[in-house]
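Taking this note's numbering, I'd label the letters of the sequence shown as residues 15 to 230.
In this text, a Cβ means the ideal position worked out from N, Cα and C, and glycines have one as well.
All values reported here derive from a predicted model rather than from experimental measurement.
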Amino acid sequence: MINARIQAWGRRLAGYIVAPLAASRISPNMLTVAGLFLSLFTAAVIAAGHVSIGGGLLLFAGIFDMFDGALARLTGKSTTFGAFFDSTLDRIAEAGIGLGLLWYYNQHHNQFGATVLYLMIVGSLMISYARARAEGLNLECKVGLMARPERVIALAIGLLLGPAVTPWVLAVLALTTWGTVLQRIMHVWRQTEGSSIDRPNRPRLSLSKRNRVLLP
Numbered sequence: 015m016i017n018a019r020i021q022a023w024g025r026r027l028a029g030y031i032v033a034p035l036a037a038s039r040i041s042p043n044m045l046t047v048a049g050l051f052l053s054l055f056t057a058a059v060i061a062a063g064h065v066s067i068g069g070g071l072l073l074f075a076g077i078f079d080m081f082d083g084a085l086a087r088l089t090g091k092s093t094t095f096g097a098f099f100d101s102t103l104d105r106i107a108e109a110g111i112g113l114g115l116l117w118y119y120n121q122h123h124n125q126f127g128a129t130v131l132y133l134m135i136v137g138s139l140m141i142s143y144a145r146a147r148a149e150g151l152n153l154e155c156k157v158g159l160m161a162r163p164e165r166v167i168a169l170a171i172g173l174l175l176g177p178a179v180t181p182w183v184l185a186v187l188a189l190t191t192w193g194t195v196l197q198r199i200m201h202v203w204r205q206t207e208g209s210s211i212d213r214p215n216r217p218r219l220s221l222s223k224r225n226r227v228l229l230p
């Protein structure tokens, strides 16, 4: 996982880059949408067979992804919806890149590449779900080897190395993403120590042969 010092350095750099936009009418959400379209364009480039070029574009898209947050902090426009919107579009962007790769592997009849890609994409979504579900229970859950920045960097490097290497990078990513899911499950388990959750009593329905009886 990228440490806090590197993350802070990246945020400062992004802040310097987007500083000229602070006085414009461009909002953080506009940059979020622009980042999504950049990712979808990258997916189309990969699907067309330009894998190495797609790797370079993916790195640029990953850097661009920091700009909306930097602009929000710089202009004081950080909102709950903005954070939700950014996270949601990030998942769509990941799925888009996955679709581009899947199209490419389908065209080249690469079943191994398609399989490890599927495992990586599902694992990536489960990483995000585990954190969201934990935070819904008021638990912190940011641990793990393969958070989104690490996944983007690793995948971009795999793409830059060319089509022959990319499937093996995807295989490593599949293993490490599912390993991260397990890390988060264990992290939440340690925080809760198996404690039960108080749930409100709800009426339950019991169906008889003649009618439906509502039981308290």
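Helix, strand or coil at residue i according to DSSP, with G and I counted as helix
i, result
"N124", "coil"
"W182", "helix"
"R39", "coil"
"L175", "coil"
"V157", "coil"
"T93", "coil"
"L113", "helix"
"A62", "coil"
"L151", "coil"
"L27", "helix"
"E207", "coil"
"N225", "Residue placement at N225 is flagged as unreliable, the pLDDT there being 45, under the threshold of 50; the coordinate-derived value follows with that caveat. The answer is coil: DSSP assigns N225 none of H, G, I, E or B."
"V202", "helix"
Enclosing alpha helix (DSSP H) for residue i [first to last residue]
i, result
"A161", "Here A161 belongs to no alpha helix (DSSP H), and DSSP marks it neither H nor E."
"I299", "The chain is shown from 15 up to 230; residue 299 falls before or after that span and cannot be answered."
"A86", "81-89"
Proximity winner among the options, relative to residue i (alpha-carbon distances)
i, options, result
"L173", "F51, L71, L196", "L71"
"V143", "R105, A84, T93", "The sequence shown places Tyr at residue 143, not Val. When each option's Cα is compared against that of Y143, the closest is R105."
"G29", "I67, A168, Q205, T89", "T89"
"T129", "V202, A86, L187", "L187"
"V195", "F81, V47, R147", "R147"
"S138", "S101, A36, L153", "S101"
"K156", "M140, I77, F99, A168", "M140"
"E149", "G127, L175, Q205, G193", "Q205"
"L27", "V47, M134, F78", "F78"
"G127", "V183, R145, F81", "V183"
"F98", "V136, V47, V202", "V47"
"V202", "L175, N152, E164, A168", "N152"
"L133", "E154, L50, L189", "L189"
"Q197", "G176, S92, V136, R145", "R145"
"G193", "V136, A58, H123", "V136"
Residue-chain proximity (residue i, chain C), Cβ-Cβ < 8 Å
i, result
"I67", "Annotation note: the requested chain C is absent from the structure, which comprises a single protein chain."
Nearest-angstrom beta carbon gap, residue j and residue i [assumed within contact, 8 Å]
i, j, result
"M160", "T180", "Not a contact, Cβ separation roughly 17 Å."
"G110", "L131", "Not confirmed; about 13 Å, so no contact."
"P42", "A107", "About 16 Å separates the two Cβ atoms, so there is no contact after all."
"G270", "A170", "A question about residue 270 goes unanswered here, because the residues of the chain that appear run from 15 up to 230."
"G83", "V166", "No, G83 and V166 are not in contact; Cβ-Cβ is about 15 Å, not under 8 Å."
"V32", "F81", "5 Å"
"L175", "L103", "Not confirmed; about 27 Å, so no contact."
Quiz item: At a cut of 8 Å, does the segment 60-77 reach the segment 113-125 through at least three beta carbon pairs?
Solution: The segment 60-77 vs the segment 113-125: in contact.
Quiz item: Three or more C-beta pairs closer than 8 Å, one from the segment 49-58 and one from the segment 154-168: is that the case here?
Solution: no
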